[in-house]
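Asks: Note that my numbering has the sequence shown beginning at 3, numbered continuously upward. Here a beta-carbon is modelled for each residue, glycine too, at the ideal position from N, C-alpha and C. Just passing along the structure, written as structure tokens.
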Amino acid sequence: MKFISTIYELKNLEKISKYTAGFVVGLKSFSTSETALFTFAEFKAISKFCKANNKELFISLKPLLHNSQIESLTISFKLIKDLYYSGVIVGDRGYYYLLKELGIKNIIYNPETLLTNVFDVNEVFRSGMSGAVIAKEISLKDLKEIIKNKEGQLFIVGHGHLKMFYSKRALLKNYFSKIAFQYDYNKDTIRLKEKSRESLYPIIEDEFGTHIFRSEVSTTLYNLAELKGIDYLIIDSIFHDDDYAYEVLKLFKEGPNKTKIEDLKNKYNEQWDSGFLFTKTIYKRD
């Protein structure tokens, strides 16, 4: 199992690389729900660093592919494809066919919630893609079944805030406009609170829409032995910083440390849980 991480700033590449096998990065104008969106020049610098330090590098393209993006995406990847990187993680099958035409082969499918069973995961591999990001909402029992019967490389989000809701609408912009309140809704510091619950849900808006995340941080730190068949485990530091990614990666590499975990949770004022690992699956697909 390899640990790969998101990153905020280029200056922290060397520090974080001490505990990570590679990085997952977003590209400006094409990526969403990432810690940072890098320009071509910045990506080029990241690529150069990863190649020199034998680190893997994955480009994350989560949005659904729109016809209006095809031309600019094609132009960008004609420049990118000759640089060093390990693969492209895509949220829409349309990317696969577009990138395939450009000669880009290592494509990982991440439809967020769809890959929940062995059949669906292996269908991804049989269709030509080399990797699959398993849905975050399935149980450890179902994960182990997929691991046992996989036909390609498996990725999971092993630590971070999991996205629970998405709308293509600009909900924050519309809300603040309605109440005539001036606020920078592009910040990642906004939290949503229901009247009936104490939880605070991180919410962000970008050019692709509005995204709401779980209030708790989901972690697989205590279940690594049972997930050893996973090829890549992603540490997603969204709503945090690079120091957080460094400390979490260190815990994953060296093992759980109760004192350090509590210090980290207190510093970032957050709660950790096991996500959906031990949530019973109610509805099963035949």
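#1: Output yes or no for whether 8 angstroms exceeds the beta carbon distance between phenylalanine 127 and glycine 154.
#2: Quick check: what's the CA-CA separation for leucine 156 versus glycine 130?
#3: Just the Cα atoms here: how many angstroms apart are leucine 251 and threonine 222?
#4: Using only CA atoms, which one of Lys13, Asn225 and Asn124 lies nearest to asparagine 151?
#5: Taking only the alpha-carbon atoms, compute the straight-line gap between isoleucine 140 and valine 26 and give it to the nearest angstrom.
#6: Entirely within the stretch 74–103 and at least 4 residues each: give me those alpha helix (DSSP H) ranges in chain order.
#7: Below 8 angstroms between beta carbons: does that hold for lysine 255 and phenylalanine 32?
#8: Do you know how far the Cα of glutamate 264 is from the Cα of isoleucine 77?
#9: What are the residues that DSSP puts in a beta bridge with isoleucine 236?
#10: Taking DSSP's pairing of strands, which residues face histidine 213 in a bridge?
#11: How many Å lie between isoleucine 9 and glycine 277 at the Cα?
#12: Suppose contacts are defined by Cβ-Cβ distances below 8 angstroms. Is isoleucine 192 in contact with isoleucine 205 by that definition?
#13: Please report how far the alpha carbon of asparagine 55 lies from the alpha carbon of leucine 104, in whole angstroms.
Replies: In this structure, then:
#1: Contact: yes.
#2: Cα to Cα, the separation comes out at about 14 angstroms.
#3: If I take the Cα positions, the gap works out to 12 angstroms.
#4: Considering only alpha carbons, the answer is Asn124.
#5: A direct Cα-Cα distance of roughly 22 angstroms separates isoleucine 140 from valine 26.
#6: Runs of the alpha helix (DSSP H) spanning 4 or more residues and lying entirely within the stretch 74–103 occur at 95–103, in chain order.
#7: No, the Cβ-Cβ distance between lysine 255 and phenylalanine 32 is not below 8 angstroms.
#8: When rounded, the distance between both Cα atoms is 47 angstroms.
#9: Bridge partners of isoleucine 236: Ile6 and Val159.
#10: DSSP lists Tyr168 and Ile206 as partners of histidine 213.
#11: Using only the alpha carbons, I get a separation of about 22 angstroms.
#12: Taking 8 angstroms as the Cβ cut-off, isoleucine 192 and isoleucine 205 qualify as a contacting pair.
#13: Cα-Cα distance, rounded: 27 angstroms.
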